[in-house]
Every structure is written in C-alpha cells, then in structure tokens.
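Residue numbers (our numbering): 1056 to 1587.
Every residue gets a Cβ at the ideal spot worked out from N, C-alpha and C, and that includes glycine.
These numbers were taken from a predicted model, which means no experiment stands behind them.
Have a look at the structure below before the remarks.
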Ligand code: GLN
C-alpha cells in the first residue's frame, strides 16, 4: 500500500468523532473525507457482488456541503466557531426517511420516482449542522423484514461475507457503516431494524426511547413502535448523532420534551469510568433455546468482563416476553394496514391502470397496489386488516394490546431491581442470503430479543460482542434501560466497548475483511483467526 492508499484508508476507517477532531484541527478537509467515502462507495457498492448498501448516491450535493464547511473553517471567526462538532462528517440515510431533492423509495416500487416536497425533522437538523448526506440506503420494503431481501431493488450484502444477509430492515445503513462507505448512518427501528443489522454486521445501533427523536418525515410503518436512531462504529459516535437528531419536535405529537443532551458526555464518562455498583439484569427469557452457541458464548464472556469491572450481574425473569413476538405480529400489521392505505395510486408515486374493464378509482387503486407492493407488504396488510376487522378486533388486536401492557410491567419489575438489562441482540449471526426468504416465521424470529423494547418504548443499544466460534461472524449484545434513560445506555455501552476492545486489541471491525480491497471482501476465515 502506498502512502496515498494509507491516507485514504484512514479517511474512511476513522470513527466519526476522530474525523470530527481532524476536521476541526484542519488536518483534513471535509471535501477529502467526503470524496474518500464516495470513492469507497464507487469501489465496493455496485456491480453484481457489490455490497449494494445504497439506493441513491448524492454526490454533487454532498461535495457541495463539504466545500461549504471547508470554506467556513478556512474563513475562521464566529461562523467557524459556531460549526457543529460533526460538521463536515458525512452520513448515510435509510431510505425510509424523506429528503427533499433526493428520491425516497422506502424500498418499494410503489414510491419509485417519488420526490418528497419536504425534509424530515432529522434531515433538517443534519442539514443545519452541515453533515454531507452521501445518499439513501437500502431496506426491506417499508422496513418490513430482517434481511433487506424484501427490498424491491434487490438485497444488500453483508460486508463480512457477501453471501450473507446484513440484517434488516436497515441492512443498507449497517452495511454502509461496516464496509467503510459511511462513518455514520440513520436507521429506523420498529421491532429491531437498527439493532439486529448492527449485531450481524459488527456495528453499533441504538433505538432511542420512544419519542426521543422526532418521527416527522419517517415514512410510518407502525407508528406506536417506530423510532429513528443512530448507526455507527462506536458508542460515542452513536451518542453524538442521537444528540444531533434528537430533541423535542412540535411536528411529532409523540415527541418528548426532555432534553437528551448528555449522551456524548455519558459515553465519554463510561469509556473512562468504572462500573462499580451498577446492577445488570440478564433476562432469562432472552437466551437459551434457539440462540446460537457462539452468540451465547460471546454474551457470557461479556458478562464476565462486566463483573470484572465491578458490575453486579443478576438474573431477572420477564415471563411475558415470550408473548412479545406474537403481540408484535398483531399490533404492527394492524398499524401497517392503516399506514399503508395512503399508497393508493392517487397521491404518491406509482399509478397502474387496469388492463381491461372499467376505469374506476377502486380498480386503479387495486392495480397499483397489486403491482406496487411486494409479497411481505401484502402479507402484513392482509394480516392487519383481518386483525382489525369487526368480529376479530377484541380477540386479536385487543388481546395483543393487553399483552403489551404486561410486557411494560415486566420491564417495570425488572428495572425495580436493576439499572440496565442485557441480552444477545439477535439469536444468530448473519445467515446466508435466501435461507429464510420463503419462511416468514423463521424470518420473524430474528427479532425475538429486540421487540420487547419497542412494545414498551424503552431504549436499546446493540454493540458487537465478538466473533461467534462457529462461523467467525460478528455477534451482538443489547443493553436496555428504562424509558428516558438513554444516557445510561451510552455510559454502560461505552464502558463495555472499552473493555472488549482492550481484549481484542482494537475495534472488532478492524478485523473485518471489508477493510481490505474489494477482492478480499468476504474472505473472513484467516483475517478473523484468534479474534473473539
Ligand atoms: N424485522 C422486524 C419486522 O420485520 C422489524 C422491522 C423494523 O424494525 N422496521 O417487522
């Protein structure tokens, strides 16, 4: 590798906070950093065996913003001093979040070609802070799935092994960050779509407290569960990004008025501090049968590290968590069936006219929806419509809502004895593309550990726990905290991350094959030897 290559690789492998420091010290320009990521995208994202994290690359606008930041810094003075700490650090956006001037597809044919007339609140904040937006990332259609294979535009590949899934629904954002195509990304998490992709790609993902980040401009899947959150390579980076995009928003009626402005400070304190006196609850129901041995082994190793740092680890039982998946697959489709009714061939995107017969509004709608929605979206719309129909409402939707309350009570009881809860994020490492595509129930089981947090509105953070022995692929663990205690997640997450990285001798992703040249992406066996 020549000096230039080395320089390039540091520009794309640095954490967002490290890049921010280099930008502030004018050691690098935002244009260089942004261009390096665009080059990386051009190198690894396209083609038949490309990562395919991006559905749209926003080259000109991203470079324009980068140059603007550089000019402000060069001019110095008050404007330079007022720049946001992340100004000039590029970011990728899950294509469920609306952006003016760039397409937003939600991974669906029904929105192909549609341009949002407005920016989501999180995008307004990102633009105000001058982070160059690299583009829009791939997802399962309308965020429904755990593998990105339900995208109408083809799957994303896992940078650790191109024949495997990157998780879902936000596989594009996670893969972009894991493959060094972006230092930061935004995702959305309705049942695990930030945390499970994080786990299977060796990245960090956070679902904030429900209401901590505005949902205005996130295309709704299930409004009572949806939450926008950060995707990154370090816990501190996630904290910085949540601080930037979070906060009260009058455009979102469920937005909290709390300020979440101590998250980065909490992450910094955690990385430096001890865990003496912290009470950690291991949720008995989130482990055991169905969890891969290597995922459990890395989880147990992490518990030992936490104990070594002074934390008290106790087992807690949340008996109603076993009904969480069942309740979610009634509540979520019910809300989906209502939220997706607006895609009718009249207001947005695609319009398909019936081939023959009368040209009525109902028939245009039916033809558009038949052609525009994929199988998974149709499955959930039908399921939700059924669950909400008059004769069944109490039996299905009503019961599921009662279970939701029981799950909230389980959390309350568990948090009465502990400060945080902990579990594996996903039951397995990344599975091969295609393996679960025809088996919806097997696909749904990926979220068995992440869904309780969405049902209760509590925040969850996933970080890499190591490489599972069986396949040398990354596993993840999640930390859960009471609602509004997001700062606690970042403190404990950063502490654990520091302990794990001391053991690994650096970040887990440094061992990832994606660090290498395109030809090496996916060859994991040798590079990963000895790393756990
Ligand atoms: N994988 C889950 C589902 O298919 C979660 C999706 C999400 O969080 N957006 O519903």
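For residue 1101, DSSP records no beta bridge to any residue. Rounded to the nearest whole angstrom, the CA to CA distance from residue 1420 to residue 1414 is 10 Å. Taking a cut-off of 8 Å for Cβ pairs, the segment 1390-1401 and the segment 1350-1366 do not touch, as fewer than three such pairs fall below it. At least one heavy atom of the ligand GLN falls within 8 Å of the beta-carbon of residue 1224. Looking from the CA of residue 1499, the closest CA among 1360, 1145, 1198 belongs to 1198. Beta-bridge analysis with DSSP links residue 1334 to 1367. With a beta-carbon spacing of about 6 Å, residue 1253 and residue 1229 fall inside the 8 Å limit used to define contacts.
Taking the Cα positions, residue 1395 is about 17 Å away from residue 1224. Here the alpha carbons of residue 1256 and residue 1531 stand approximately 9 Å from one another. Taking every protein chain shown into account, the CB of residue 1120 has 16 or more other CB atoms within 10 angstroms, so this residue is buried. Nearest C-alpha to residue 1459 among 1383, 1518, 1094, 1505: 1383. Cβ contact annotation for residue 1361 (same chain, cutoff 7 Å, sequence separation greater than five): 1330, 1335, 1368, 1551, in chain order. Annotation: residue 1109 is outside any alpha helix (DSSP H); the continuous beta strand (DSSP E) that includes it extends over 1109-1112. With fewer than 16 other CB atoms across the displayed protein chains lying within 10 angstroms of its CB, residue 1082 is exposed. Distances between the C-beta of residue 1499 and the heavy atoms of the ligand GLN include at least one below 8 Å. The alpha-carbon separation between residue 1501 and residue 1341 amounts to approximately 12 Å. Shown here for residue 1387: same chain residues with a beta carbon closer than 7 Å to its own, the five before and five after excluded, namely 1245, 1246, 1277, 1280 in chain order. C-alpha of residue 1445 to C-alpha of residue 1429: approximately 26 Å in a straight line. Residue 1155 and residue 1443 have their C-alpha atoms spaced approximately 34 Å apart. Counting only runs of at least 4 residues, the segment 1280-1358 fully encloses the following alpha helix (DSSP H) elements, listed from N- to C-terminal order: 1290-1300, 1318-1327. The beta carbon of residue 1105 sits closer than 7 Å to those of 1099, all from its chain and outside the five residues before and after it, given in chain order. Minimum Cα-Cα distance from residue 1535 among the listed residues 1513, 1519, 1137 corresponds to 1513.
Of the residues 1425, 1393, 1455, the one whose Cα lies closest to the Cα of residue 1407 is 1425. Looking from the CA of residue 1365, the closest CA among 1517, 1483, 1554 belongs to 1554. When only Cα atoms are considered, residue 1348 and residue 1493 end up about 25 Å apart.
Where residue 1507 is concerned, the enclosing alpha helix (DSSP H) starts and stops at 1506-1511. Remark: the C-beta of residue 1220 is outside contact range of the ligand GLN, defined as less than 8 Å to any heavy atom. Short note on residue 1509: C-beta closer than 8 Å to some heavy atom of the ligand GLN. In its chain, beyond the 5 residues on either side, 1212, 1487, 1488, 1577 have a beta carbon closer than 8 Å to the beta carbon of residue 1218. A straight-line Cα-Cα distance of about 26 Å links residue 1215 and residue 1163.
Here residue 1419 carries a helix assignment [DSSP, helix/strand/coil].
Between residue 1227 and residue 1096, the C-beta spacing is not below 9 Å. A residue is called buried once 16 or more other Cβ atoms fall within 10 Å of its Cβ, and residue 1251 is buried on that count.
1504 is the residue among 1504, 1209, 1174 whose C-alpha sits nearest the C-alpha of residue 1377.
Assigned with DSSP and collapsed to three states, residue 1410 falls in coil, not helix or strand. With the rule of 3 Cβ pairs closer than 8 Å, the segment 1298-1312 does not count as touching the segment 1445-1455.
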